[in-house]
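In the numbering used here, the protein residues as written are 37 to 174.
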């Protein structure tokens, strides 16, 4: 697990939410006519159809990583395919999560989507007033 993934997961747990995200979650995907493979996301809440991908910009894996043109195109195809299958995909870069306030906002965004899906597993509820007035998108 990357440092960014650990930071996100620690913040999630600190919020007292009693549902744990699935890590390194895969869905079947076909991103091109020749490419049948499993698409892996950093975190998922399958019962809510929510996928979370954290982009640290330092990753240089198969296909060049997140920073190259090929890597970015692969990420766009991956996101688009998941959305076509009915998943809601949230993509955060390291800068989006660099402060406690931004981490809190990200957690609240995920909780908002969970509430919107009709199933909430939170010990500490986020008020709808907060979600309407103070939620910021980094």
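Just so it is clear, CB atoms sit at the ideal spot from N, CA and C, and this is done for glycine as well.
- The DSSP-derived three-state label of residue 134 is coil.
- Rounded to whole angstroms, residue 142 and residue 88 show a C-alpha spacing of 10 Å.
- Following the DSSP letters along the chain, one finds residue 109 inside the alpha helix (DSSP H) bounded by residues 105 to 120.
- Out of 150, 144 and 151, the CA that lies nearest to the CA of residue 47 is found in 144.
- Across the structure, residue 51 and residue 104 are spaced so that their CA atoms are roughly 34 Å apart.
- Relative to residue 60, the option among 49, 53, 37 and 43 whose CA is nearest is 37.
- Between residue 44 and residue 58, the beta carbon gap of about 13 Å keeps them out of contact (Cβ cut-off 8 Å).
- When secondary structure is reduced to three states using DSSP, residue 54 falls in the coil class, being assigned neither helix nor strand.
- Assigned with DSSP and collapsed to three states, residue 85 falls in coil, not helix or strand.
- Take the alpha-carbon of residue 63 and the one of residue 126: they are about 15 Å apart.
- For residue 123, no beta strand (DSSP E) encloses it, and the DSSP letter there is neither H nor E.
- Exposure of residue 121 is indicated by the presence of fewer than 16 other C-beta atoms within 10 angstroms of its C-beta.
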